[in-house]
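Enquirer:
Number of protein chains: 2
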Amino acid sequence: MARSQSQTVSLADVADAAGVSAQTVSRVVRGSDSVRPETRDKVRAAMDDLGYRPSFAGRSLKAGRYSSIGLVMLNITDTGNMLRLEGITSAAAAEDHAITLMEMAPGETLSLTEASRRMSALPVDGMIFNLNRMVPDFREFKPLPGLDTVIITMLEHPTCSTVDNDQMGCSEMIVSHLLEHGHANVHFISGPELSISGAQREEGYYEALASRGIPAPEVLRGDWTADSGYEAGARLAADPTCTAIYASNDAMAYGVAVAMHDAGKRIPEDVSLVGVDDSLGLFVPHNGLTTVRFDNRQVGLWAFRKVTGTHDMPRGRQHVLIPGTLVKRGTVAAPPSR
Amino acid sequence: MARSQSQTVSLADVADAAGVSAQTVSRVVRGSDSVRPETRDKVRAAMDDLGYRPSFAGRSLKAGRYSSIGLVMLNITDTGNMLRLEGITSAAAAEDHAITLMEMAPGETLSLTEASRRMSALPVDGMIFNLNRMVPDFREFKPLPGLDTVIITMLEHPTCSTVDNDQMGCSEMIVSHLLEHGHANVHFISGPELSISGAQREEGYYEALASRGIPAPEVLRGDWTADSGYEAGARLAADPTCTAIYASNDAMAYGVAVAMHDAGKRIPEDVSLVGVDDSLGLFVPHNGLTTVRFDNRQVGLWAFRKVTGTHDMPRGRQHVLIPGTLVKRGTVAAPPSR
DNA sequence: TCAGAAAATGTTATCGCTAACATGAACATG
DNA sequence: CATGTTCATGTTAGCGATAACATTTTCTGA
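Order-wise, the sequence lines are chains A and B.
No gaps in the numbering here: position 83 of the first sequence is 107 in the numbering used here, and each next residue is one more.
No gaps in the numbering here: position 212 of the second sequence is 236 in the numbering used here, and each next residue is one more.
(1) I need the straight-line Cα distance from B/Thr332 to B/Arg141, nearest angstrom please.
(2) Within 7 Å of any Cβ in chain A, is that where the Cβ of B/Thr314 sits?
(3) Report back the beta-carbon spacing between B/Val300 and B/Asn320 to the nearest angstrom; my notes put them in contact at under 8 Å.
(4) Over the uninterrupted alpha helix (DSSP H) stretch that includes B/Phe80, give me the two end residues.
(5) Just to confirm, does B/Met197 get its C-beta within under 6 Å of one of the non-hydrogen atoms of the ligand FMN?
(6) Can you name the residues of chain A whose CB is closer than 8 Å to the CB of B/Ile100?
(7) Opposite A/Leu297 in the DSSP bridges: which residues?
(8) Counting only Cβ-Cβ distances shorter than 7 Å, please list the residues of the segment 119–146 of chain A near chain B, keeping chain order.
(9) Run the CB neighbour count on B/Asp57, radius 10 Å, all protein chains shown included, and call it buried at 16 or more, exposed below.
(10) Cα separation between A/Thr267 and A/Leu233?
(11) Keeping to the same chain, check which residues put their C-beta closer than 8 Å to that of B/Ser214; ignore five residues upstream and five downstream.
(12) If you draw a straight line from the C-alpha of A/Ala42 to the C-alpha of A/Val33, how long is it?
(13) Looking only at its own chain, which residues have a Cβ that is under 8 Å from the Cβ of A/Glu231, when we skip the five neighbours before and after it?
(14) Taking B/Gly82 as the query, report the chain A residues whose CB atoms sit under 7 Å from its CB, ordered along the chain.
(15) At what residue ranges does the segment 195–270 of chain A contain a whole run of the alpha helix (DSSP H), taking only runs of 4 or more?
(16) With a cut-off of 8 Å on the beta carbons, I'd call A/Met128 and A/Gly94 a contact; round off their distance for me.
(17) Any beta carbon from chain A within less than 7 Å of B/Ala117's own beta carbon?
(18) Would you list, in chain order, the members of the segment 167–180 of chain A that have their beta-carbon closer than 8 Å to a beta-carbon of chain B?
(19) Go through the segment 121–172 of chain B residue by residue and report every complete run of the alpha helix (DSSP H) that reaches 4 residues or more, in order.
(20) Excluding the five sequence neighbours on either side, which residues of its own chain have a C-beta within less than 8 Å of the C-beta of A/Thr124, listed in chain order?
(21) Do the segment 58–70 of chain A and the segment 58–72 of chain B make contact, defined as three or more Cβ pairs closer than 8 Å?
(22) Drop a sphere of 10 angstroms on the beta-carbon of B/Leu109, count the other beta-carbons inside from all chains shown, and report buried for 16 or more, exposed for fewer.
(23) In the DSSP assignment, find the alpha helix (DSSP H) that holds A/Met71 and state where it starts and stops.
(24) Among A/Met284, A/Trp248, A/Thr113, which has the Cα closest to the Cα of A/Trp326?
(25) If I measure Cβ to Cβ from A/Leu136 and keep anything under 7 Å in the same chain, skipping five residues before and after, which residues do I get?
(26) What does B/Arg409 touch in chain A if you count any residue whose Cβ is under 9 Å from its own?
(27) Could you tell me the distance, in whole angstroms, from the CA atom of A/Tyr278 to the CA atom of B/Gly237?
(28) Return the CA-CA distance between B/Gly354 and B/Gly348, expressed in angstroms with no decimal places.
(29) Compute the beta-carbon to beta-carbon distance between A/Gly253 and A/Ala275, rounded to the nearest angstrom, for a pair I have assumed lies under 8 Å.
(30) Name the one or two DSSP bridge partners that A/Arg317 has.
(31) Just mark B/Gly104 as buried or exposed, buried being the case when its beta carbon has 16 or more other beta carbons within 10 Å.
(32) Buried or exposed for B/Leu260, going by 16 or more other Cβ atoms inside 10 Å?
(33) With a threshold of 16 other CB atoms inside 10 Å of the CB of B/Ser84, please say whether the residue is buried or exposed.
(34) In the DSSP assignment, what residue or residues form a beta bridge with A/Leu95?
(35) Measuring CA to CA, which of A/Gly88, A/Val53, A/Leu171, A/Ile176 is closest to B/Gly75?
(36) Quick one: Cα of B/Ala240 to Cα of B/Ser219, how far?
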């Protein structure tokens, strides 16, 4: 006999229907043990009958908390972002928190200050910024008081905790892996200039070579696409000194592989190749692409735990880099003997 | 001289500081024009000084709305889901709405009723379910009164509006395209059995052939992965009657292409191949894979507009299928002449 | 200059919920 | 049977913002 009720039903309505006070209904809703079972059943019946649902606004106005974390993303369409998002949402689900998502439209001027101001008008106890592009006010940005803020970025921030994949370490792993196989040098294909992660991979690459006293060959600029990798690969195929290639993502590595194939060069017999992301299912030469896999889920998880202070997270500001894993497959071998 | 203020600052605090009433502050916040400029400036100064931020709870308690839509996803890690998510968030940003995201953990029993109950305790005016798996209570599910609900799914629902990609139409396009090139028949590689979209593509495939009186050859069962595509491709390469293959996603089509290459068959000279998703950047034979691209952003956009009733959406329940686009590239040609 | 209109600002009540306290009922103890 | 103790339930107030109404101030025009 549930009445169809278009208006919202409040605690008071249920209280009236059940012949008790609103407070008692509230106790039933929250599962307090100091309610007589028969009263509880009566109240429950009234709730079902009226279709009562607790009001988020009323509850959180009283509580002063929202149990929700705001997430600002610059753009979503990217595997890494997606995994971070999943890390955050699953951590949130585990802690009984909701996620309020806001996208900074690509057209807008990207500003942390502005994003933070807008997010602060939403029901959030803290916020996470997922930055994958440079924003002009990164260093100047000050988090709003009372709203803990974690930024997912490789760069350290003066006041906010930060977390991201360890891009420098990734380059070190790759360069080291290739050199250990006997290559004299490693050629690098970069990402687009504005990408922070690309810039860090590049910096790590230079540093890895420099720390070993190896002069870095000219870097080829790509834009993450397989096409740009193909182009770079075609140029490297013509360079007889090039025996090892570090493409800064898998899509470009794929392009390199196709270019090498077209140029009649074999992988890994003639050229060793490493990518980054572990985003390719099947790879042209069957043995699969050697690559670095990042734990983006872990990045999201860490950001969530830090911003909520769960899991005994240390209090103060932290800068954490989550290391990736070198996945050794079939595209790295010793250089051809001259 | 901004004071560092750890407590939250309310309208009343600002009112005290500015020497006006709370109502006047409220008017300034909402940009009412009936405030004298000098009063407005005084209030603004006090707001800045105290670091005032409007309370979402207070505002929405009074307003009775949240200007936020709940989104339930079963899993996020999938390109299509991601694009739908982006469609939803960008539509939401345009309408000044927030998105409250909830993930149904994979381990849980998936139930629309349960998800809807949990979501209803969050600050949402309506909700969107993004279903990409079967849920047990799909037909029985009744949306909560007052909370408009849209389900992203191919299946029609008795009470909720639904929207998704037109999978049947996709199969019709592909089969028709292949037959027009003179192929006598089309072989199909399916997705995993539990996938709704896979089932619909398969049904559309059968229907497209049946409507033309062509008997369908045995269907090969895949699981979306390139590896399963490779396996199916290897079997089809051994079948001399097979000249046209419809792989129900691009990854499997990729696997087919590699298998064909390994078996010494050329694409499209010996075998024509079509995939679905347009998810591959570069394709082995340079000319690129002919495929169908779905407009998942549009699906998300529609769901949002429908649930909020913006953009003159018709009132009642609707079931909308957004058509995909056949992207003609280089993997379809006439069958080899015997 | 002053009534009357218009503009600016203040007061009250309320949205739904719950902490803190108050009350009343049932029960135990001497 | 009086008294204290526990348990169940009710009452009050207030979280922050704002619509509706009330009041004060300012402006207009004869």
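For glycine and all other residues, C-beta sits at the position ideal for the given N, C-alpha and C.
Expert: In this structure, then:
(1) B/Thr332 and B/Arg141 have their C-alpha atoms some 19 Å from each other.
(2) no
(3) Contact doesn't hold; Cβ gap of about 12 Å is too wide.
(4) 80–87
(5) The ligand FMN is absent from the structure shown, which contains no ligand whatsoever.
(6) Met106, Leu109, Glu110, Thr113
(7) A/Ile269
(8) Ala122, Ile123, Thr124, Leu125, Met126, Glu127, Ala129, Ser144, Ala145, Leu146
(9) exposed
(10) 15 Å
(11) If we look at B/Ser214 and ignore the five residues flanking it on each side, its Cβ neighbours are Gly222, Arg225, Glu226, Val243, Leu244, Arg245, Gly246, Ser272.
(12) 13 Å
(13) Met192, Ser195, Glu196
(14) Residues of chain A with a Cβ closer than 7 Å to the Cβ of B/Gly82 are, in chain order, Leu85.
(15) 220–234, 250–261
(16) The Cβ separation is near 12 Å, so there is no contact.
(17) yes
(18) Leu168, Pro169, Gly170
(19) 136–143
(20) Ser92, Ile93, Gly94, Leu95, Met143, Leu146, Pro147, Val148
(21) no
(22) buried
(23) Looking at the DSSP string, the run of the alpha helix (DSSP H) that includes A/Met71 is 61–74.
(24) A/Thr113
(25) Phe153, Val159, Asp161, Phe162, Phe165
(26) In the structure as shown, chain B starts at 25 and stops at 362, and residue 409 of chain B therefore has no counterpart that could be examined.
(27) B/Gly237 has its alpha-carbon roughly 42 Å from the corresponding atom of A/Tyr278.
(28) 19 Å
(29) Yes, they are in contact, since the Cβ atoms of A/Gly253 and A/Ala275 sit about 6 Å apart, within 8 Å.
(30) A/Arg317 is bridged to A/Thr349.
(31) buried
(32) buried
(33) buried
(34) A/Leu125, A/Ile152
(35) A/Leu171
(36) 21 Å
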